[in-house]
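In this note's numbering, the protein residues as written are 1 to 142. Note that the Cβ used here is the ideal one computed from N, Cα and C, for glycine as well. If you're wondering where the values come from, they're calculated on a predicted model, not measured in any experiment. Below: one structure, written as C-alpha cells.
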C-alpha cells in the first residue's frame, strides 16, 4: 500500500486548518503557501473534503475553509478512505471485490487480511489532534 500525494496533502491541509482555526475561515491561498502545496492541486482535494462534510467553505471577503468538527473527531483512516482509491493491500480485499475462487485454499489470504486489519486499526486510532501534537511521530496506537 502506498498513500498517494492526494491523501498526504489532505492530511496536511486539514492539520493546517485545525492549527489556524480562530472560529473564522482560512483562505486557501494562505494554507497552500504554508504547506507548499500548489493552489491548483489543492482545488482538486477541497471539493472531496467539502462534499464529505469534513470542511465547509465560504466565498468572498473573509472567506476560505474551516473544519466542521473538533480535530479529535477526524480519524486518519476516514480521511484516507476519502482520498485514496483503495487501502486494501490486495485486490481480493477491496470493497466490492468478487469472491476469489482460490480463497478457501489461499495460504496468504489470512496474512493479507491481518495486515489490512492492522493498518485500518492503526489509522483509525490516530486523529488530527494527535497529529497536531509535536510528539506524534513517536506515538504507537493499538
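Status (buried if at least 16 other CB within 10 Å, exposed otherwise) for residue i
{"i": "residue 96", "result": "exposed"}
{"i": "residue 28", "result": "buried"}
{"i": "residue 41", "result": "exposed"}
Simplified DSSP state of residue i, which is helix, strand or coil
{"i": "residue 79", "result": "helix"}
{"i": "residue 60", "result": "coil"}
{"i": "residue 74", "result": "coil"}
{"i": "residue 192", "result": "Since the first residue of the chain shown is 1 and the last is 142, residue 192 is not available in this structure."}
{"i": "residue 26", "result": "strand"}
{"i": "residue 13", "result": "helix"}
Residue from the options with nearest C-alpha to residue i
{"i": "residue 87", "options": "47, 36 and 123", "result": "123"}
{"i": "residue 129", "options": "1, 6, 53 and 11", "result": "11"}
{"i": "residue 120", "options": "93, 25 and 6", "result": "93"}
Through-space distance from residue j to residue i, alpha-carbon basis
{"i": "residue 22", "j": "residue 65", "result": "12 Å"}
{"i": "residue 142", "j": "residue 114", "result": "Because the pLDDT at residue 142 is just 48, under 50, the model does not fix this residue reliably, and the value given afterwards should be weighed accordingly. Straight-line Cα distance between these residues: approximately 14 Å."}
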